[in-house]
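The opening position of the sequence shown corresponds to residue 161 in this note's numbering, with each subsequent residue numbered one higher.
Written below as structure tokens is the structure these notes are about.
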Amino acid sequence: MHRVVALCLDGLVAFDLTAPAQAFGLAARPGGEPLYEFSTCSVGGAEVRTTSGFGVSPRSGLGALRHADTVVVPAYAAVLQPPPDEALAALRAAARRGARVLSVCSGAFALAHAGLLDGRRAATHWAWAGELARRFPAIEVDPDALYVDEGEVMTSAGLSAGIDLSLHVIRKDFGAAAGERVARHMVAAPHREGGQAQFAKPIAVEAGGSLEPTRRWASARLEQPLDIAAMARHAGVSPRTFARRFREETGTTPLQWLLAQRVLEARRLLEESDQPVEAVAWRCGFGTAASLRDHFRRATATTPSAYRRSFST
């Protein structure tokens, strides 16, 4: 039987432990024979605190990792400080002998501290992606991916993305039918559409700066064919001066900002209205549904229709 061991670090995020525990624990052959054996460990086998206010008592110490076929590292709180040296050494040893290593959410930081992500693509929660990339430049951080499969090292985004990765592993190990049986039991999608961008907090219109009135003016007229010349006329400056000052104030170009506002408005309309996609496209200045779909997918890694199914109020 395939042995899965979760390394529990102090400040454990309980959901990021229980999600893979549930998924691997439910995986079974049609006759009911379990496919995985799931257990937990910690440094010295000690109880670890969770961010939810209760403790978790793992079954064993780090020696359990010597016999694991797959090691799971759930999220933990103190990601900016390296985990204990013995935990990092145990992770490296497991990887060297061929064990598969997975992380959920900020558990990627433990893998990064152990050097297991160097030269690889990796995912983590979108709110931590920038910090992971800044602290570990040898890692190619994908801030939009729900999970990244690099063969023997896999990483996932936050919380429910741990379910996505666990289902992916089950499908990879034992086939699509096995993964679908687990997904059905967990009332989870066998495979979710899109990436993290659809869940990240949208960027609102920037405040401050002498061009703020023009940005407000433009954001109220997104259905119109706006361009740099039109916005510069409203601001009373030349297009070249407008573009330079706009970048100084916002860190982006006028057209990139305008596109972001149109996608932001499209997200709002898809969430709050039942207008057809064609109408949403016109209201946001994309002109056609095809243009909206193209720009929306680039910005969120999903389609307007899929986004509406997930977030419509």
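The C-beta atom is built at its ideal place from N, Cα and C for all residues, glycine as well.
Just so it is clear, the structure is predicted and the values come from calculations on it, not from any experiment.
Asked: Beta-carbon proximity list for A441, same chain, < 7 Å, skipping 5 on both sides; Found: G447, T448, A449, S451 and L452
Asked: Simplified DSSP assignment, three categories, for R108; Found: Because the chain in this structure spans residues 161 to 473, residue 108 falls outside the shown range and cannot be described.
Asked: Straight-line Cα distance separating A206 from I167; Found: In the sequence as presented, Ile is not what sits at residue 167; that position holds Leu. Those two C-alpha atoms are separated by around 12 Å.
Asked: Anticipated Cβ contact below 8 Å, E312 with R281, distance rounded; Found: About 13 Å; that fails the 8 Å criterion.
Asked: Segment limits, alpha helix (DSSP H) that includes S398; Found: Element bounds for S398: n/a, residue is neither H nor E.
Asked: Where S199 falls: helix, strand or coil (DSSP); Found: strand
Asked: Beta-carbon separation (whole angstroms), T315 vs A268, contact threshold 8 Å; Found: 5 Å
Asked: Per-residue DSSP class, three states only, for E438; Found: helix
Asked: Straight-line gap, T401 to R407 (C-alpha atoms, nearest Å); Found: 10 Å
Asked: Sequence-distant residues of its chain with Cβ nearer than 6 Å to P180 (five each side left out); Found: V232, G322 and S326
Asked: Through-space distance from H273 to P244, alpha-carbon basis; Found: 10 Å
Asked: 7 Å Cβ shell around A250 - same chain, five flanking residues per side excluded; Found: L222 and L225
Asked: Sheet register partners of M346 (DSSP bridge); Found: Looking at the DSSP assignment, M346 forms no beta bridge with any residue, so it has no partner.
Asked: Buried versus exposed, by CB contacts within 10 Å (16 or more), L240; Found: exposed
Asked: V232 CB to nearest heavy atom of the ligand NAP below 7 Å; Found: The ligand NAP is absent from the structure shown, which contains no ligands of any kind.
Asked: CA-to-CA distance, V203 to E340, given in whole angstroms; Found: 34 Å
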